[in-house]
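Q:
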Amino acid sequence: MKTHKGAASFTSTQGTVVTIGTFDGVHVGHKKIIKRLVESAKANQWDSLVLTFFPHPRMVLQKDAKIKLINTISERAQLLEKEGLDHLVIHPFTIEFSRMTAEEFVKEILVNTLKAKKVIIGYDHRFGRNRNADITDLKKFGEQYGFKVEEISKQELEDVAISSTKVRKALDAGDIGLANAYLGYPIMLNGIVVKGKSLGRKIGYPTANLSIPEEYKLIPAQGVYIVQSSIDGSLVYGMMNIGTNPTVGGERQTVETFFFDFDGDLYDKELSIEILARIREEKRFASVEELIAAMKEDDVFSRSWIQQHTTT
1312 MKTHKGAASF
1322 TSTQGTVVTI
1332 GTFDGVHVGH
1342 KKIIKRLVES
1352 AKANQWDSLV
1362 LTFFPHPRMV
1372 LQKDAKIKLI
1382 NTISERAQLL
1392 EKEGLDHLVI
1402 HPFTIEFSRM
1412 TAEEFVKEIL
1422 VNTLKAKKVI
1432 IGYDHRFGRN
1442 RNADITDLKK
1452 FGEQYGFKVE
1462 EISKQELEDV
1472 AISSTKVRKA
1482 LDAGDIGLAN
1492 AYLGYPIMLN
1502 GIVVKGKSLG
1512 RKIGYPTANL
1522 SIPEEYKLIP
1532 AQGVYIVQSS
1542 IDGSLVYGMM
1552 NIGTNPTVGG
1562 ERQTVETFFF
1572 DFDGDLYDKE
1582 LSIEILARIR
1592 EEKRFASVEE
1602 LIAAMKEDDV
1612 FSRSWIQQHT
1622 TT
């Protein structure tokens, strides 16, 4: 899959089958639409192309909207690549772009730039300035500019919307099992390992403190989780704490992971950590000794869970 930053960076003489959307989560419902896109492109000897936008339109048009997304834009690209796409176009969403008329968008972006021969789109899709055009208008433009329009049914779109909502609610509640079932893969947190207060090292559980720069990234509920990560080509398991470390007077939320049987230097490394299960909520213990005892119990439980639920 080739990723293009902006429609203008896409060049091809090959016709394309295009779908447009946020695809946040790239969950099971999204994958059905992507599969249809890829199959249609192959059947017609065209290229499959997803057009998505960043920042999210609500971040631009409603600047006070505290929107949280299941995936960062880089995670979204990483997940879409696994679906057999030929092209991903990440177009910058700006105020200027939002003012394009529907026909300008169709002619300049879809037809002249992306070489669309077919557009697969939801029955309720709206586009153009003030979102004043709908699928009926798109079909008329298709006749005018020489591309087909395939409609995604109301039922399919409702399934997609329900899944996205349920994923967000599950993550907010810390129900990782349910969230991962809807996604079809373990939810991931990507970031850079930075220096923390080294409190974990002092109590025998040195942790990697993950800095996640994207403020819009939806972080699961505070608690202790079982996780896995690929480090220097090896799969390593561990337990992650998302929270403020109230027992030792912490106030700011951190994401810290203790990796089992690992003794390497992770500072400044980029890590992608997948969350497999939740152990418990974060608690304020009466003493550091009680905290250490609880972490030892978490350690034993996590290793047992990993043995039962993984093949490695």
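First residue of the sequence shown? That's 1312 in our numbering, and the numbers climb one at a time after it.
Note that beta-carbon positions come from the ideal geometry of N, C-alpha and C, so glycine has one too.
In this text the structure is predicted, and so the values were computed from the model without any measurement.
1. Any idea if Lys1508 is buried or exposed, counting beta-carbon neighbours within 10 angstroms, 16 or more meaning buried?
2. Going by Cα to Cα distance, which pick from Thr1330, Ser1359, Arg1614 and Gly1326 is closest to Glu1462?
3. Since I believe Ile1381 is in contact with Val1478 (beta carbons under 8 angstroms), could you give me their beta-carbon distance rounded to a whole number of angstroms?
4. In angstroms, rounded to a whole number, what distance separates the CA positions of Phe1334 and His1341?
5. Output needed for Ala1519: all residues of its chain with C-beta closer than 6 angstroms, excluding positions within five of it in sequence on either side, in chain order.
6. Should Leu1372 go down as buried or exposed, given a rule of 16 or more other Cβ atoms within 10 Å for buried?
7. Between the Cα of Ser1409 and the Cα atoms of Gly1561, Lys1428 and His1367, which residue gives the shortest distance?
8. If you draw a straight line from the C-alpha of Phe1267 to the C-alpha of Lys1480, how long is it?
9. Looking only at its chain, what residues have a beta carbon closer than 6 angstroms to the beta carbon of Thr1295, apart from the 5 residues adjacent to it on each side?
10. Please determine, among Ala1319, Glu1525 and Thr1565, the residue with the shortest C-alpha to C-alpha distance to Val1535.
11. Mark Ile1446 as exposed unless 16 or more other C-beta atoms lie within 10 angstroms of its C-beta, in which case mark it buried.
12. Excluding the 5 residues preceding and the 5 following Glu1419 in the sequence, name in chain order all residues of the same chain whose CB lies nearer than 8 angstroms to its CB.
13. Compute the beta-carbon to beta-carbon distance between Ala1532 and Val1400, rounded to the nearest angstrom, for a pair I have assumed lies under 8 angstroms.
14. The alpha helix (DSSP H) spanning Asp1610 covers which residue range?
15. Kindly identify the DSSP beta-bridge partner or partners of Gly1534.
16. Contact between the stretch 1455 to 1473 and the stretch 1542 to 1558 is defined here as three or more beta-carbon pairs at a separation below 8 angstroms; is this criterion met?
17. Pull up the distance between the alpha-carbon of Ser1598 and that of Glu1592, whole angstroms please.
18. Determine, using beta carbons only, whether Ser1475 and Gly1332 come nearer to each other than 8 angstroms.
19. Looking at C-alpha atoms only, which residue of Arg1595, Phe1458 and Asp1448 is the closest neighbour of Val1422?
20. Could you check which residue in Arg1437, Gln1389 and Thr1363 has the C-alpha nearest to that of Pro1403?
21. Leaving aside the five residues before and after Ile1617 along the sequence, list all residues of the same chain whose C-beta is less than 6 angstroms from its C-beta, in chain order.
22. Starting from Ala1472, trace the alpha helix (DSSP H) in both directions and tell me its first and last residue.
23. Spatial neighbours of Thr1558 within its chain, please: CB distance less than 6 angstroms, with the 5 preceding and 5 following residues excluded, ordered by chain position.
24. Please go through the same chain and pick out, in chain order, the residues whose beta-carbon is closer than 8 angstroms to the beta-carbon of Val1538, but skip the five residues on each side of it.
25. Is it buried or exposed for Tyr1493, if we count other Cβ within 10 angstroms and need 16 for buried?
26. Helix, strand or coil for His1315? Go by DSSP, reduced to three states.
27. Looking only at C-alpha atoms, which of Ala1444, Arg1437, Phe1438 and Phe1452 sits nearest to Lys1429?
28. Looking at the strands, I want to know which residues DSSP matches up with Pro1403.
29. How would you call Thr1383, buried or exposed, if buried means at least 16 neighbouring beta carbons within 10 angstroms?
30. Please classify Met1370: does DSSP put it in a helix, a strand, or coil?
A: With the structure as the only source:
1. Counting Cβ neighbours within 10 Å, Lys1508 comes out exposed, since fewer than 16 surround it.
2. Nearest option by C-alpha distance: Thr1330.
3. Going by Cβ atoms, the distance from Val1478 to Ile1381 rounds to 6 angstroms, so yes, they are a contact pair.
4. Between Phe1334 and His1341, the alpha-carbon positions lie close to 6 angstroms from each other.
5. Its chain contains Val1504, Thr1568 and Leu1577 as the residues whose beta carbon lies nearer than 6 angstroms to that of Ala1519, once the 5 sequence neighbours on both sides are disregarded; these appear in chain order.
6. Answer is exposed; the Cβ neighbour count stays below 16.
7. Just measuring C-alpha positions, the residue of Gly1561, Lys1428 and His1367 sitting nearest Ser1409 is His1367.
8. The structure shown has nothing for residue 1267, since the chain only spans 1312 to 1623.
9. Given that the chain is displayed from residue 1312 to residue 1623, the structure contains no residue 1295 and the question cannot be resolved.
10. Nearest option by C-alpha distance: Thr1565.
11. So Ile1446 counts as buried.
12. Excluding residues within five positions, the ones whose Cβ falls inside 8 angstroms are Met1411.
13. In fact, because the Cβ distance is near 34 angstroms, the residues do not count as touching under 8 angstroms.
14. Taken as a continuous stretch (DSSP letters only), the alpha helix (DSSP H) holding Asp1610 covers Val1599 to His1620.
15. According to DSSP, which records beta bridges pairwise, Gly1534 is partnered with Ile1553.
16. Fewer than three Cβ pairs drawn from the stretch 1455 to 1473 and the stretch 1542 to 1558 lie within less than 8 angstroms of each other, which leaves the two stretches out of contact.
17. One C-alpha to the other measures close to 17 angstroms.
18. Result no, Cβ atoms of Ser1475 and Gly1332 do not sit closer than 8 angstroms.
19. Of the candidates Arg1595, Phe1458 and Asp1448, Phe1458 places its Cα closest to the Cα of Val1422.
20. The shortest Cα separation from Pro1403 among Arg1437, Gln1389 and Thr1363 belongs to Thr1363.
21. So the qualifying residues of the chain are Tyr1548.
22. Boundaries of the alpha helix (DSSP H) around Ala1472: Lys1465 to Ala1484.
23. Here the set comprises Arg1595, Phe1596 and Leu1602.
24. Taken in chain order, the residues that qualify are Tyr1548, Gly1549, Met1550, Met1551, Thr1568, Ile1584, Glu1585, Ile1586 and Leu1587.
25. Tyr1493 counts as buried, since at least 16 other C-beta atoms from the protein chains shown sit within 10 angstroms of its C-beta.
26. His1315 sits in a strand when the DSSP states are folded into three classes.
27. Comparing Cα positions, the closest option is Phe1452.
28. Under DSSP, Pro1403 forms a beta bridge with Phe1365.
29. Buried, by the Cβ-count rule.
30. It is helical.
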